[in-house]
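Participant: Residue numbers 44 to 612, in our numbering, belong to the letters of the sequence shown in order.
Here a beta-carbon is modelled for each residue, glycine too, at the ideal position from N, C-alpha and C.
Owing to the predicted nature of the structure, the values given are computational and were not obtained by experimental measurement.
This structure is in C-alpha cells; I'll ask about it shortly.
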Amino acid sequence: MTDITNTPGADGGDALVTAFNAVGADYIFCSSGSEWAPVWESLARRHRDGLPCPQYLDLTHETVAVGMATGYGLVKRRPQGVLLHAAPGLLQGSMAVHGALLAGVPMVVSSSESTTYGDGPGQDPGGQWYRNLSIVGGPHQIAQPFTKWSNEAASVHTLPTMVTRAAELAWRAPAGPAYLNVPLEILLEEWDGREAKSIVAPGSTHSSPEEVDPVAQLIREAENPVIVTETAGREAGGFEALVAFAEAWNIPVVEPDSAVCGNFPRTHPLHAGSDIGPWMDEADLILLVNCRAPFYPPSRRPSKATIVVIDEVPQRPHVVYQVLFADTYLEGNVANTLRQLAKRAKDLDEAAVAVRRAAQEQRHADEQAAIAAAEAKAAQAEGVDPVLVAATLRKLLDGQGGIVVDETITHSRVVKRHAQTADPDSYFYVQGGLGQGIAVALGVKLAAQERPVVLTIGDGAFAYNPVIPSYDASNAYELPLLIVVFNNRVYKSMNMNHRRFYPEGAAADTGEWLGTDLHRLPRLAAFAEPFGMHTETVDAPEVLAPALERALKAVAEGTTAVVDVLVTR
Numbered sequence: 044m045t046d047i048t049n050t051p052g053a054d055g056g057d058a059l060v061t062a063f064n065a066v067g068a069d070y071i072f073c074s075s076g077s078e079w080a081p082v083w084e085s086l087a088r089r090h091r092d093g094l095p096c097p098q099y100l101d102l103t104h105e106t107v108a109v110g111m112a113t114g115y116g117l118v119k120r121r122p123q124g125v126l127l128h129a130a131p132g133l134l135q136g137s138m139a140v141h142g143a144l145l146a147g148v149p150m151v152v153s154s155s156e157s158t159t160y161g162d163g164p165g166q167d168p169g170g171q172w173y174r175n176l177s178i179v180g181g182p183h184q185i186a187q188p189f190t191k192w193s194n195e196a197a198s199v200h201t202l203p204t205m206v207t208r209a210a211e212l213a214w215r216a217p218a219g220p221a222y223l224n225v226p227l228e229i230l231l232e233e234w235d236g237r238e239a240k241s242i243v244a245p246g247s248t249h250s251s252p253e254e255v256d257p258v259a260q261l262i263r264e265a266e267n268p269v270i271v272t273e274t275a276g277r278e279a280g281g282f283e284a285l286v287a288f289a290e291a292w293n294i295p296v297v298e299p300d301s302a303v304c305g306n307f308p309r310t311h312p313l314h315a316g317s318d319i320g321p322w323m324d325e326a327d328l329i330l331l332v333n334c335r336a337p338f339y340p341p342s343r344r345p346s347k348a349t350i351v352v353i354d355e356v357p358q359r360p361h362v363v364y365q366v367l368f369a370d371t372y373l374e375g376n377v378a379n380t381l382r383q384l385a386k387r388a389k390d391l392d393e394a395a396v397a398v399r400r401a402a403q404e405q406r407h408a409d410e411q412a413a414i415a416a417a418e419a420k421a422a423q424a425e426g427v428d429p430v431l432v433a434a435t436l437r438k439l440l441d442g443q444g445g446i447v448v449d450e451t452i453t454h455s456r457v458v459k460r461h462a463q464t465a466d467p468d469s470y471f472y473v474q475g476g477l478g479q480g481i482a483v484a485l486g487v488k489l490a491a492q493e494r495p496v497v498l499t500i501g502d503g504a505f506a507y508n509p510v511i512p513s514y515d516a517s518n519a520y521e522l523p524l525l526i527v528v529f530n531n532r533v534y535k536s537m538n539m540n541h542r543r544f545y546p547e548g549a550a551a552d553t554g555e556w557l558g559t560d561l562h563r564l565p566r567l568a569a570f571a572e573p574f575g576m577h578t579e580t581v582d583a584p585e586v587l588a589p590a591l592e593r594a595l596k597a598v599a600e601g602t603t604a605v606v607d608v609l610v611t612r
C-alpha cells in the first residue's frame, strides 16, 4: 500500500473507484442502486478533475450488467467491475453471475447492505434497508455457491486491498467471478487515501519436460489418436496452439456438443466434427484438452483408449459430478503445454501418419459434402429451414471477421455446423440459464467494436431476455448487433422431452402439450421499433438473404438490427 495525501471529501466511494482503477478494470458495469451514490460522486469528481477511472456504464437491469461484463471478459480475459443493488439485485443477477462462473470469466461483483439501520453515527442509510433490502447473513452468504470467492469488506481501510484480492482470485485459474459485499456505511466512511497496488497478470504454471515427454511418446506410438476439446480457444493463445499441435502430429480434432467456444477452425481438414461417438471404440489415445465433461452419460467409458487430460485445472471445483477417466494429467498453462507437445512431433512413422491423415481428410470431405447437401435441401424447402439461416449468415459474414454469440437450444448444432466459424474468438455459446444472450453479445461488441457481432437466439430464449434494458444499452453505448431469432413458435426442447418421456401418454392422445406454445407472442422484431432499430420479419426463403443483407448494412451504419425468422422446425 502507498500512503497518499487525502483529498477533501474522500470516502469509501473513492476507495472503491480507486481500487477498480488499480486492478486495471476498463469498465464498471452498474445496475443502479441507492448505495452507489458515493461511487457516482467519486466518478463525477474524477471526471471534473481529469483523474483516471474506469468507464462507467449505467445499465437498467442486473442481467445486462453481468452479461455485458461476461461478454467483454470472454474477449479481453481481464477482470472488470460489476455493481448490483443490495441482495435483491444480486439475486436478480445471480443467473448471469453463475453463467460467468461456467464461462470462466473473471470479474469482481459487488453489492451492499446496511450494518447500522440508522442507529449508528454518521449519515442515515435510509429505512429501506431495515424494511426490505437486508438478508440474513449478508449477501456474501448467498453469493458463495455461484462465485469463486465471496466475502465482506469490513472496513474502508481494507476495502481497496479487498478488491485487489478479489480481482487476483477472479483472474487466476480457474477464472471466474469473485464477490465482495461493501456495506453502505463503509462507502460513506471517510477514507485516508491509501491505495491498493496495481495488479499484474497471473504468472503461469507449466508441465515439466519429464511429464510432457512420456505423453509425446504415447502420441508417437498411437495408431488412431484423437483430440477432444471444449474450451481450448478460451485460453489466451489456445486456439492457435491447438492448431499447431494438431497439425504437427496430424491428429483429428473433435469439438463435441459440450464445446462452448470456437477452439479449432471448422473448415480445417483436421476438424472431425462434433460427434465423439465413432471414436469411443476406435481411438487408442484420447487427448482431452480443456474438457470438463467429455463423456455422456459419465459412465460411457472408451473401450480401449488411453486418456490424457491437458488442462490447467482438470477437476473443476464448480462441477458437481465430473468423470474424466484420466490415465495421465498434463497440468499447467494449456497453450504452453500444446506448444511443448508440438515441438516434440519428431521421429514419426510417416507411413502411419499418412494413413491417419488420409482417413481424416476423407471424413472431413464427407462432412463437408453432407453439409452442402443439407444446405441444398434447405434451399429447396417450402418454408425457412434453420439450416438455410445459418448457411446464409456464414456466406454474408465471410471475410468480415464476424463473431457469433449463440443462445439457441434446439438449433445450436445447426448454428455450429453451418456457420462454420474458423477464427479465434469467433464463436461463443452463452453459459448457464437462458436470458443472457443479448447482454453477452453487447459485451462482446464492447470488446471487439471493429468486428460485426451476430446473436443467434431462439424465440423462447428471446422471451427470457431483459429485452428493453438490453436495447437501451445498445443505443446508449453505440453497440450495434445483428440479432437473428430462430422462431419456431414453440419451446421445442420442452416439447421434445415431454414426447420422449411419455411417447404414448395423455398429451400424445389429446394433443395437449403444455409449457411449450409460443404462438401467442407478438412480432418479436417489433420490440426494437421504439428504439429506432432496424427490424425485419422473414417467413419465406427467397426474402431471407436480402433481409439479412439489409440488417448487416444497418449494423455497419451503427444501428442494431433484429431479424425475426419464422423457421419450419
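1. Mind checking A479: buried by the 16 CB within 10 Å criterion, or exposed?
2. Give me the Cβ distance between L367 and T349, rounded to the nearest whole Å; I'm assuming they're in contact under 8 Å.
3. Less than 8 Å between the CB atoms is what I'm expecting for S74 and G132, so what's the real figure, rounded?
4. Out of G55, I178, L330, state which residue places its alpha-carbon closest to the alpha-carbon of T201.
5. Give the C-beta separation of V581 and V606 to the nearest angstrom, bearing in mind that I take them to be a contact with Cβ-Cβ under 8 Å.
6. Helix, strand or coil: which one does DSSP assign to T48?
7. Whole angstroms is fine: what's the gap from N376's alpha carbon to N175's?
8. Can you tell me whether A397 is buried or exposed, with buried defined as 16 or more other CB within 10 angstroms of its CB?
9. Would you list the residues sitting across from M150 in a DSSP beta bridge?
10. Residues in the same chain with beta-carbon distance under 8 Å from G147, minus the five sequence neighbours each way, listed in chain order, please.
11. Three or more C-beta pairs closer than 8 Å, one from the segment 299 to 315 and one from the segment 462 to 474: is that the case here?
12. Do you know how far the Cα of R437 is from the Cα of K596?
13. Tell me whether L557 is buried or exposed, calling it buried when 16 or more other Cβ atoms sit within 10 Å of its Cβ.
14. Can you find the residues in the same chain that come closer than 8 Å, C-beta to C-beta, to E228, ignoring five residues on each side of it along the sequence?
15. If you measure between the beta carbons of A209 and A221, is that distance less than 8 Å?
16. From the DSSP secondary-structure annotation, give me the bridge partner or partners of D449.
17. Distance, Cα to Cα, D46 vs G236?
18. At which residue ranges does the segment 354 to 430 contain complete alpha helix (DSSP H) runs of 4 or more residues, listed in the order of the chain?
19. Using the beta-carbon count (16 or more within 10 Å), is R399 buried or exposed?
20. Output yes if chain B places a C-beta closer than 8 Å to the C-beta of N530; else output no.
21. Counting only the same chain and skipping the five closest in sequence on each side, list residues whose C-beta sits under 7 Å from that of E253.
22. Am I right that L99 and L86 are in contact with their C-beta atoms under 8 Å? What's the rounded C-beta distance?
23. Grab me the residues of N49's own chain with a C-beta within less than 6 Å of its C-beta, minus the 5 sequence neighbours each way, in chain order.
24. Near G280, which residues of its chain fall below 7 Å by C-beta distance, leaving aside the five closest residues on each side in sequence?
25. What separation, rounded to the nearest whole angstrom, lies between the Cα atoms of I452 and L522?
26. Report the residue from D256, G93, A401 whose alpha carbon sits nearest the alpha carbon of A385.
27. Would you report the Cα separation of R172 and R89, rounded to the nearest angstrom?
28. So W83 is in the alpha helix (DSSP H); what residue range does that whole segment cover?
29. Who are the Cβ neighbours of M111 in its own chain at under 6 Å, not counting the five residues just before and after it?
30. For P360, count the other beta carbons within 10 Å of its own beta carbon; 16 or more makes it buried, fewer makes it exposed. Which is it?
31. Between V352 and the rest of its own chain, which residues show a CB-CB distance below 6 Å, the 5 nearest in sequence each way excluded?
32. Take S153 and list the residues in its own chain whose beta-carbon comes closer than 6 Å to its own, dropping the five residues that flank it on each side.
33. Within this structure, are the beta carbons of V106 and M138 separated by less than 8 Å?
34. For T435 versus A588, is the C-beta spacing smaller than 8 Å?
35. If we require 3 or more residues per run, which beta strand (DSSP E) segments fall completely within the segment 48 to 77?
36. Reducing DSSP to helix, strand and coil, say where Y99 ends up.
Facilitator: So, from the data block:
1. Looking at the sequence provided, one finds Gln at residue 479 rather than Ala. With 16 or more other Cβ atoms within 10 Å, it is buried.
2. Actually they do not touch by this definition, with Cβ atoms about 13 Å apart.
3. 6 Å
4. G55
5. 6 Å
6. Low confidence applies here, because T48 scores a pLDDT of 46, under 50, leaving its location unreliable; read the following figure in that light. In the structure shown, T48 sits in coil (DSSP, three-state: anything other than H, G, I, E or B).
7. 46 Å
8. exposed
9. Q123, P220
10. P217, A218, G219, T274, R277
11. yes
12. 15 Å
13. exposed
14. S157, T158, T159, G163, G165, P168
15. yes
16. Y472, T499
17. Since pLDDT at D46 reaches only 40, below the 50 mark, its modelled position is unreliable, and no value is offered.
18. 377 to 386, 393 to 423
19. buried
20. Here chain B cannot be found, since the structure has a single protein chain.
21. none
22. Note on identity: in this sequence residue 99 is Tyr, with Leu being the wrong assignment. Sure, about 5 Å apart at Cβ, within 8 Å.
23. Only weak support exists for where N49 lies, its pLDDT of 47 falling under 50; the value from the coordinates is given anyway. Result list for N49: D235, G236, in chain order.
24. A378
25. 25 Å
26. D256
27. A small fix is needed here, since residue 172 is Trp in this sequence, not Arg. Spanning the two alpha carbons is a distance of roughly 29 Å.
28. 80 to 92
29. F72, A482, L485, G486
30. exposed
31. L331, L367, A369, Y372
32. L126, L223, V225
33. The sequence given here has Thr at residue 106, not Val. Cβ distance < 8 Å, so T106 and M138 count as in contact.
34. yes
35. 70 to 74
36. strand
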